[in-house]
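Residue numbers (our numbering): 308 to 582.
Set out below in structure tokens:
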């Protein structure tokens, strides 16, 4: 994520609205950092120095020069797109593959603009739009929970699929106990998009914190500012074993989650897909 101007009025609004929540968990007023942003150039240099086989990027598109440097280090570059226009941008800068993130996906939207974060495109439609226009391998993501979903995406032109929510209850998952419990307890249409936790739209199971900040959601500071302001609050909530102000990220198909070791789940998913 590249450095951008910070709206001080939005920061002041967020700090004020977070006071009751911070008081509830015995937290003092948040510390305002000297800089809200990590050094993207330094992060990119670190990736190039480590030269992994592949690196994926989200929240924006790299430049031609940045792609060239990654390719010079023999790094396979994957970009994230939530619209056909975003996919075209990644194709224009010579990415190697594109992860298409449908609106069903849990967690943060990988969109370039606020409009694309809100106006979600289902993965089936996004894949249909991109397969005849984009010449790069397409990775389908968003709401895929079982072998049937995998097979449908591959039959529709995806070169691969990416699953996240499906693994939330695996023992290897880093999801906290209250997050796991919320996933198990939630029913029906329980997820929605919110900016309350991070300042960037993300899909999660609705809770008290999301409802409390819904009226000022659009006025909150952009990511990563709001994310910094709520970081210690979310940590305190998890430590207390509560879920009322946790970011309970989950995709729309969360009710199909199965609790088993990750390796067993992968084998099960592929067996289902082949069938």
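Note that the Cβ used here is the ideal one computed from N, Cα and C, for glycine as well. These numbers come from a predicted model, not from an experiment.
For this session: Measuring alpha carbon to alpha carbon, tell me which of 498, 350, 533, 536 ends up nearest residue 518.
Result: 498
For this session: Kindly indicate which three-state DSSP category residue 421 falls into: helix, strand or coil?
Result: The DSSP-derived three-state label of residue 421 is helix.
For this session: Taking only the alpha-carbon atoms, compute the straight-line gap between residue 555 and residue 484 and give it to the nearest angstrom.
Result: 11 angstroms
Exercise. Mind checking residue 333: buried by the 16 CB within 10 Å criterion, or exposed?
Worked result: exposed
Exercise. DSSP three-state call for residue 374: helix, strand or coil?
Worked result: The answer is helix: DSSP assigns residue 374 an H, G or I state.
Exercise. In the segment 391-473, which residue ranges form an unbroken alpha helix (DSSP H) of at least 4 residues, counting only runs that do not cross its ends?
Worked result: 391-399, 421-425, 430-438, 454-462
For this session: Please report how far the alpha carbon of residue 363 lies from the alpha carbon of residue 386, in whole angstroms.
Result: 6 angstroms
For this session: Report yes if the C-beta distance between residue 447 and residue 425 is below 8 angstroms; otherwise report no.
Result: Against a cut-off of 8 angstroms, the Cβ pair of residue 425 and residue 447 comes out as no contact.
Exercise. Taking just the CA atoms, how far does residue 558 sit from residue 481?
Worked result: 16 angstroms
Exercise. Taking the C-alpha atoms as reference points, what is the distance between residue 471 and residue 516?
Worked result: 23 angstroms
For this session: Just the C-alpha distance for residue 562 and residue 500, rounded to the nearest angstrom, thanks.
Result: 17 angstroms
For this session: May I ask which residues mark the beginning and end of the beta strand (DSSP E) holding residue 500?
Result: 498-501
For this session: Could you tell me how far apart the beta carbons of residue 391 and residue 427 are, in whole angstroms, since I believe they sit closer than 8 angstroms?
Result: Wrong, their Cβ atoms sit about 13 angstroms apart, outside the cutoff.
Exercise. Per DSSP, which one or two residues make a beta bridge with residue 384?
Worked result: 362
Problem set entry | Nearest to residue 408 (by Cα), restricted to the options 330, 581, 400, 419 | 419
Exercise. Should the segment 314-329 be called in touch with the segment 533-545, which here means at least 3 C-beta pairs below 8 angstroms?
Worked result: yes
Exercise. So does the segment 502-512 actually touch the segment 526-535, counting three or more Cβ pairs closer than 8 angstroms?
Worked result: yes
Exercise. Just how far apart, CA to CA, sit residue 528 and residue 380?
Worked result: 36 angstroms
Problem set entry | Any 3 or more C-beta pairs closer than 8 angstroms across the segment 544-554 and the segment 449-458 | Segments in contact, no.
For this session: From the DSSP output, in three-state form, read off residue 538 for me.
Result: helix
Exercise. So, residue 434 versus residue 443, is the Cβ gap smaller than 8 angstroms?
Worked result: no
For this session: Under 8 angstroms Cβ to Cβ from residue 514, same chain only, skipping five residues before and after it: list those, please.
Result: So the list reads 489, 550, 551, 552, 553, 555, once near-sequence residues are dropped.
For this session: Please go through the same chain and pick out, in chain order, the residues whose beta-carbon is closer than 6 angstroms to the beta-carbon of residue 377, but skip the five residues on each side of it.
Result: 384
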